[in-house]
Every structure is written in structure tokens, then in C-alpha cells.
Amino acid sequence: MSDERFEAFVGLCFEQEFAGSAHLADALEKWGASTEPNETGWNIANGFMSSSSLCRLRGAGDAFSWSSMGDALVIDAGGSQGRTSITLANQFPKLNFIVQGSAQVCVQGGLLALDPELRDRIRFQAHDIFRPRESIPGKTVIYFLCAVLHNWNDKYACRILQAIVPAMKHGDRIVLCELIIPEPGTDSIFLERFAR
Numbered sequence: 001m002s003d004e005r006f007e008a009f010v011g012l013c014f015e016q017e018f019a020g021s022a023h024l025a026d027a028l029e030k031w032g033a034s035t036e037p038n039e040t041g042w043n044i045a046n047g048f049m050s051s052s053s054l055c056r057l058r059g060a061g062d063a064f065s066w067s068s069m070g071d072a073l074v075i076d077a078g079g080s081q082g083r084t085s086i087t088l089a090n091q092f093p094k095l096n097f098i099v100q101g102s103a104q105v106c107v108q109g110g111l112l113a114l115d116p117e118l119r120d121r122i123r124f125q126a127h128d129i130f131r132p133r134e135s136i137p138g139k140t141v142i143y144f145l146c147a148v149l150h151n152w153n154d155k156y157a158c159r160i161l162q163a164i165v166p167a168m169k170h171g172d173r174i175v176l177c178e179l180i181i182p183e184p185g186t187d188s189i190f191l192e193r194f195a196r
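If you're matching positions, the sequence shown starts at 1 in UniProt numbering and goes up one per residue.
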């Protein structure tokens, strides 16, 4: 395909969304008509709250000037099993990572998936995304939220960001990687209908 956006869209559909549809019956059987964000077919297919899958599409490394940050520390907030951090660590060898998420998914599952050559650059840490953070002295810190904020309404998305901002020093960054629905009429009818 020559259109990179369409290719990424098709990849998202087949690799992520259709897999969730295949587990819809499993989710209904397990949780009934639950309204909890982690009790869905998509989460069964991809792992508990594993929203990092969206960012594994090739845009994660191109979405920000990672190499300009030198040996910065990337806090992958809500990073689940660290898939996005693993992808970025392979692309940007100077960066170090702390993947934060629930103890069950992040710490246990992440270590199992981590290649030995990355173990000195990627650490896993249980962290409640709403809990205030402490400043990390001596390092530039990039707080990376990949496919996190879209899971929450504005009130809770603001709380997530408010837990980060007081810990930031001069030079630190917040990098968001989210799926944005384009303005009506800017994409093909097919893509627009699917997105909405």
C-alpha cells in the first residue's frame, strides 16, 4: 500500500479491533453487561488494560524527537507489559524506561516478555496513574502516555495529568500518543464512518 495512514488503519483493524470482537462473547460470559473499562473483549484479546498496543504501530517512534532527548528517562505511564517501551528501546539505545501500571500486569507480565539485553534499560514499577509522582533529580524525564487518556472522561484525564505536572522539572516533557478522530470531510467516507 502506498498510503501509510490507511496501512496503519488496516493494521489497527486486523491486529487489534477484530481480535477484541472475537472475544466479545467471552467478555459477556465472564462479566455480563459490565461498564468497567477493563472488562471487555478487547482487553481479553490484548491483556488487562493493555492500551499500549495502539502505539506499537510504526508511528510511536516517529511521533516525537526521541533521539534529541539524549539519555532521558521515559516513564511509560499506564504502560502495561511495556510493549511500546520495548519498541522504543530498540529504536533509541540511549533512552532508559520505567514502565508503570498495575502490579499484576506490569510487573509480572512485563518481566516475562523482556529480552535479556533490555533488562538494564527497562524497569517495571507498580503505580496508580492517579497518584502524585515524585520529582526525579538529575535526569530529563519524559512522561509518556500512550493510548491512556482516551480511556477516561475529562475529569479523570485531568487528574492523571495533575498527578504528573508538580513533579516536572525544567526540560521534562509530557508526550501523548492518542488516536485522534479527524474533522469531518478530511478522510475517506469509509475511514470517517469507521472512526466515528
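Virtual Cβ for every residue (Gly too), placed ideally from N, Cα, C. Every value quoted in this text rests on a predicted model; they were computed, and no experiment measured them.
Nearest-angstrom Cβ-Cβ length linking residue i and residue j, presumed shorter than 8 Å
i: Leu114; j: Ile86; result: 7 Å
i: Leu118; j: Ile98; result: Between Ile98 and Leu118 the Cβ distance is about 13 Å, and since that is not below 8 Å, they are no contact.
i: Ile160; j: Leu176; result: Not a contact, Cβ separation roughly 10 Å.
i: His127; j: Gln162; result: No, His127 and Gln162 are not in contact; Cβ-Cβ is about 15 Å, not under 8 Å.
i: Ala167; j: Arg133; result: 4 Å
i: Ile136; j: Arg173; result: The pair is not a contact, with the Cβ atoms about 13 Å apart (cut-off 8 Å).
i: Ser67; j: Phe92; result: 6 Å
i: Val105; j: Ser80; result: 5 Å
Residue i, DSSP secondary structure in three states
i: Phe48; result: Its pLDDT being 47, under 50, Phe48 is placed unreliably in this model, and the value from its coordinates should be taken loosely. Coil, per DSSP.
i: Ala33; result: coil
i: Ser21; result: helix
i: Asp26; result: helix
i: Glu39; result: coil
i: Ser188; result: coil
Own chain partners of residue i with C-beta closer than 8 Å, once the 5 adjacent residues on each side are dropped
i: Tyr156; result: Phe130
i: Glu39; result: Ala27, Lys30 and Trp31
6 Å CB neighbourhood of residue i in its chain, flanking five on each side removed
i: Arg121; result: Ala89 and Asn96
i: Asp71; result: Lys94
i: Gly171; result: Thr140
i: Gln125; result: Ile98 and Gln100
i: Ala103; result: Ala126
Own chain partners of residue i with C-beta closer than 7 Å, once the 5 adjacent residues on each side are dropped
i: His23; result: Gly41, Ile44 and Ala45
i: Cys13; result: none
i: Ala63; result: Cys177
Practice item. At 4 residues or longer, and completely inside the UniProt domain "O-methyltransferase C-terminal" (60-186): list those alpha helix (DSSP H) runs for me, N to C. Key: If we require 4 residues or more, the alpha helix (DSSP H) runs fully inside the UniProt domain "O-methyltransferase C-terminal" (60-186) come out as 83-91, 110-113 and 154-164.
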